[in-house]
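Quick note, the sequences are listed as chains A and B, same order. Counting in our numbering, the first sequence runs from 129 upward without gaps. Counting in our numbering, the second sequence runs from 129 upward without gaps. Have a look at the structure below before the remarks.
Number of protein chains: 2
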Amino acid sequence: MSVELVSKTQSFDGSQCQYRHQSSVLGCEMRFSIFLPSQAEKDQRFPVLYWLSGLTCTDENFSQKAGAQRMAAELGIALVIPDTSPRGDDVADDESYDLGQGAGFYVNATQAPWKPHYRMYDYIVEELPKLVEGNFPVSERRAISGHSMGGHGALTIALKNPGRYTSVSAFSPICNPMACPWGEKAFAAYLGADKTLWEEHDATVLVGRASERLPMLVSQGEEDQFLEEQLKPNALEAAAEAAGYPLKIEHHAGYDHSYYFIATFIEQHLRFHGDYLLAH
Amino acid sequence: MSVELVSKTQSFDGSQCQYRHQSSVLGCEMRFSIFLPSQAEKDQRFPVLYWLSGLTCTDENFSQKAGAQRMAAELGIALVIPDTSPRGDDVADDESYDLGQGAGFYVNATQAPWKPHYRMYDYIVEELPKLVEGNFPVSERRAISGHSMGGHGALTIALKNPGRYTSVSAFSPICNPMACPWGEKAFAAYLGADKTLWEEHDATVLVGRASERLPMLVSQGEEDQFLEEQLKPNALEAAAEAAGYPLKIEHHAGYDHSYYFIATFIEQHLRFHGDYLLAH
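Spelled out as structure tokens, the structure:
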């Protein structure tokens with residue numbers, strides 16, 4: 129599995145790069161971004177925080193707007209930022225912003241016309257980490273975070289893969305996709321009518337079934353325009369409490385759904401993950 | 129002079145807002161962004177750092193990509209980020225990215241078809257500060273900074289207006305526009321053939337004529353793709369040295385012309401300006 133450099137720029141003494149590669153899981157060419165801190169020693173290997181982005185995003189939004197490199201450089205954590213869906217002219221798409229390209233929802237589609245390419249779950253869990261760990265100076269210590277649709281992806285992927293991540297966090301996640309318009313539309317399209325399959329990708333359901341107690345941090349803005357209809361953090365909070373799951377959820381007065389919210393609290397999230405990623 | 133709110137979002141406990149207003153100097157509607165830190169006391173007034181952006185930018189690039197709000201909030205400095213030219217369907221434009229809309233070069237045009245609207249110098253020096261100081265909780269202590277074309281704007285405007293700014297800085301500025309393709313093209317179009325008029329907007333010339341010794345910091349990346357042909361920091365450095373002007377210029381190995389460079393060193397620039405803006 130090889131990667132091809134698209135762009136490289138220096139940031140906080142480390143390197144912010146964009147790569148492309150042929151994804152066998154997704155059956156198309158994909159791009160991802162990676163930030164690697166400056167290496168103090170030549171054989172230094174960094175733990176990795178995977179960042180899953182939200183609807184309409186690519187690997188560039190978080191790279192450019194979150195300001196995460198400063199604290200990642202200071203702590204010695206690599207950042208890996210995948211795209212949000214398979215891409216290309218022969219990949220199925222939809223006119224709406226919340227289905228198709230840019231809206232993969234981190235599931236493996238079982239339905240036409242999505243089935244052949246839309247396997248973002250396997251891509252994030254299996255293929256991308258193998259690619260990253262085979263090509264860059266990183267360790268196999270992984271954490272995962274994301275925003276909105278990507279917050280949903282981070283929470284569900286961490287909950288479904290015990291032992292794979294040291295910690296999980298999310299900004300403004302879609303907490304209960306089975307019960308919101310974004311999730312209902314995407315799950316019906318990608319997974320079909322059988323809602324028992326939907327449960328496998330719903331953080332509010334999965335938190336009640338989890339065998340592992342992973343450190344989990346969720347940040348939510350109280351002025352988020354999607355809070356009531358789409359995100360439903362209270363459902364996750366109630367499910368976590370019922371299950372005795374140690375979810376730390378913070379509600380921040382005044383903040384909305386934008387990257388300005390993420391930029392404000394990304395230092396806290398990186399320090400949170402650093403406590404586990406860097407622990408001996 | 130009134131302003132109309134376009135958007136408002138919370139950032140680092142402060143507010144990041146976009147406003148529009150009718151500019152009498154430019155004869156068109158203009159937008160600008162402003163970041164105001166959270167007010168500890170109700171009558172608190174913040175000093176202002178004006179940020180001038182580079183070619184093709186609007187008020188949004190610096191707002192979204194520089195990560196400046198964190199340190200501005202911590203220090204208690206407001207950020208004002210104007211657009212880079214007059215705008216609108218009846219404002220002259222050019223097909224190239226380095227002339228016309230998005231490329232005002234912070235001068236007052238004397239030539240057709242630019243003359244009626246392209247008065248960015250007066251807008252930045254006079255109209256915008258009056259508007260900001262009349263509508264927001266800011267003081268009359270001002271500093272100025274910018275990137276590339278905006279670095280040229282910051283340096284020349286500060287050098288031409290003794291007493292108006294406490295300090296000036298620039299990232300990757302066009303230091304000697306009379307002697308580079310970007311500057312020659314823009315000055316010929318906006319100012320005409322008489323090069324004595326060009327000298328009035330060339331930092332390398334002005335630094336030798338300056339009566340005031342303003343704290344001045346310039347940051348330049350050594351991997352900047354425009355370094356040799358367009359930016360020419362060595363010309364400014366030599367002129368400052370010949371004039372005994374206390375320019376602090378830093379050359380950073382590995383860094384390019386992008387906002388990743390700005391994000392890496394914006395904290396240093398804000399602390400530099402803070403030393404003067406916040407001095408009693």
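For every residue, glycine included, the Cβ atom is placed at its ideal position computed from N, Cα and C.
Which chain A residues are close to T392/B, counting only those with a beta carbon under 7 Å from its beta carbon?
-> Here the question's residue 392/B lines up with position 264 in the second sequence. Chain order gives the chain A residues near T392/B as S139, F140, where near means a beta carbon separation below 7 Å.
Which value, in whole angstroms, describes the spacing of the CA atoms of Y246/B and P241/A?
-> Working through the second sequence from its first residue, we reach residue 246/B at position 118. Working through the first sequence from its first residue, we reach residue 241/A at position 113. A straight line joining the alpha-carbon of Y246/B with that of P241/A spans about 52 Å.
Would you verify that the beta carbon of S386/A is, or is not, closer than 8 Å to some beta carbon of chain B?
-> Within the first sequence, residue 386/A is the residue found at index 258, counting from 1. Yes, contact with chain B.
Mapping DSSP to helix, strand and coil, what is K136/A?
-> Residue mapping note: residue 136/A aligns to position 8 of the first sequence, counting from 1. If DSSP states are grouped into helix, strand and coil, K136/A belongs with the strands.
Other residues of its chain near Q146/B: CB distance less than 7 Å, five sequence neighbours each side excluded = In the second sequence, residue 146/B corresponds to position 18, counting from 1. Around Q146/B: V134, S135, R159, S161, D187.
Would you mind sorting P374/A into buried or exposed? The rule is 16 or more other CB atoms within 10 Å of its CB.
-> Walking along the first sequence from the start, residue 374/A turns up at place 246. Exposed, by the Cβ-count rule.
Is the number of C-beta pairs between the segment 168-183 of chain B and the segment 226-236 of chain B that are closer than 8 Å three or more?
-> yes
Under 8 Å between C-beta atoms, does Y383/B make it to chain A?
-> Looking up residue 383/B in the second sequence gives position 255. So yes, Y383/B belongs to the interface.
Opposing strand residues paired with C145/B [DSSP bridges] | Stepping through the second sequence from its first residue, residue 145/B is reached at position 17. Looking at the DSSP assignment, C145/B forms a beta bridge with K136/B, I162/B.
What are the boundary residues of the beta strand (DSSP E) that includes K243/B?
-> Locating residue 243/B in the second sequence gives position 115, counting from the first residue. Counting along the chain, K243/B falls outside any beta strand (DSSP E), and DSSP gives it neither H nor E.
Extent of the continuous beta strand (DSSP E) to which M344/A belongs = In the first sequence, residue 344/A corresponds to position 216, counting from 1. From DSSP, the beta strand (DSSP E) with M344/A extends over 344-349.
Cutoff 8 Å: Q192/A Cβ touching any chain B Cβ | Counting from 1 along the first sequence, the entry for residue 192/A is found at position 64. Cβ-Cβ to chain B under 8 Å: yes for Q192/A.
Could you say if the segment 198-216 of chain B and the segment 291-301 of chain B meet the contact criterion of at least three C-beta pairs nearer than 8 Å?
-> Flag = no, the segment 198-216 of chain B and the segment 291-301 of chain B do not touch.
S130/B by DSSP, collapsed to three states: which one?
-> Residue 130/B sits at position 2 when you count from the first residue of the second sequence. The answer is coil: DSSP assigns S130/B none of H, G, I, E or B.
Using a Cβ-Cβ cut-off of 8 Å, state whether Q396/B counts as contacting chain A.
-> Your numbering for residue 396/B matches position 268 in the second sequence. Not an interface residue.
E365/B: beta carbon under 7 Å from a heavy atom of the ligand MN?
-> The ligand MN is not part of this structure, which contains no ligands at all.
Environment of Q197/A [buried if 16+ CB atoms lie within 10 Å] = Here residue 197/A is taken as the residue at index 69 of the first sequence, counted from 1. Buried: at least 16 other Cβ atoms inside 10 Å.
Cβ pair M344/B, E327/B closer than 8 Å = Here residue 344/B refers to the residue found at position 216 of the second sequence. Here residue 327/B refers to the residue found at position 199 of the second sequence. Against a cut-off of 8 Å, the Cβ pair of E327/B and M344/B comes out as no contact.
Helix, strand or coil: which one does DSSP assign to Y178/B?
-> Against the second sequence, residue 178/B aligns to sequence position 50. Reduced to three states, the DSSP call for Y178/B is strand.
Are any of the Cβ atoms in chain A nearer than 8 Å to that of Q195/B?
-> Taking the first residue of the second sequence as position 1, residue 195/B is located at position 67. Just to set this straight, residue 195/B is Gly in the shown sequence, not Gln. Yes, G195/B counts as interfacial toward chain A.
Using a C-beta to C-beta distance shorter than 7 Å, which residues of chain B count as neighbours of Q144/A?
-> Within the first sequence, the letter at position 16 stands for residue 144/A. Y388, listed in chain order.
A271/B and H401/B closer than 8 Å at C-beta | Taking the first residue of the second sequence as position 1, residue 271/B is located at position 143. Taking the first residue of the second sequence as position 1, residue 401/B is located at position 273. Going by C-beta atoms, A271/B is nearer than 8 Å to H401/B.
First and last residue of the uninterrupted alpha helix (DSSP H) at F393/B = For the purposes of this step, residue 393/B is taken as the residue at position 265 of the second sequence. Counting along the chain, the alpha helix (DSSP H) containing F393/B begins and ends at 387-405.
Closest residue to C303/A among Y318/A, D322/A, I285/A, D211/A (Cα-Cα distance) = In the first sequence, residue 303/A corresponds to position 175, counting from 1. For the options Y318/A, D322/A, I285/A, D211/A, the alpha carbon positioned closest to that of C303/A is the one of I285/A.
H379/B, DSSP secondary structure in three states = Residue mapping note: residue 379/B aligns to position 251 of the second sequence, counting from 1. Three-state DSSP puts H379/B in a strand.
Measure from the alpha carbon of A367/B to the alpha carbon of each residue in Q353/B, G336/B, E351/B, then state which is nearest.
-> Stepping through the second sequence from its first residue, residue 367/B is reached at position 239. The shortest Cα separation from A367/B among Q353/B, G336/B, E351/B belongs to G336/B.
Can you check whether the CB of L334/B is closer than 8 Å to the CB of L287/B?
-> Stepping through the second sequence from its first residue, residue 287/B is reached at position 159. Stepping through the second sequence from its first residue, residue 334/B is reached at position 206. In this structure, L334/B lies closer than 8 Å to L287/B by Cβ.
Any chance the segment 310-326 of chain A sits against the segment 251-268 of chain A, with 3 or more Cβ pairs inside 8 Å?
-> The segment 310-326 of chain A is not in contact with the segment 251-268 of chain A.
Of the residues A338/A, M277/A, S347/A, the one placed nearest G372/A, counting alpha carbons only | Position 244 of the first sequence, counted from the start, is the residue given in the question as residue 372/A. Among A338/A, M277/A, S347/A, the Cα nearest to that of G372/A belongs to A338/A.
Rounded straight-line distance, which links the Cα of Y404/A to that of L342/A | Taking the first sequence and counting its residues from 1, one reaches residue 342/A at position 214. Taking the first sequence and counting its residues from 1, one reaches residue 404/A at position 276. Distance between the alpha carbons of L342/A and Y404/A: 10 Å.
Beta carbon of D330/B nearer than 8 Å to that of Q353/B = Numbered from 1 along the second sequence, position 202 holds the residue referred to as residue 330/B. Numbered from 1 along the second sequence, position 225 holds the residue referred to as residue 353/B. It is not a contact, given that the beta carbons lie outside the stated cut-off.
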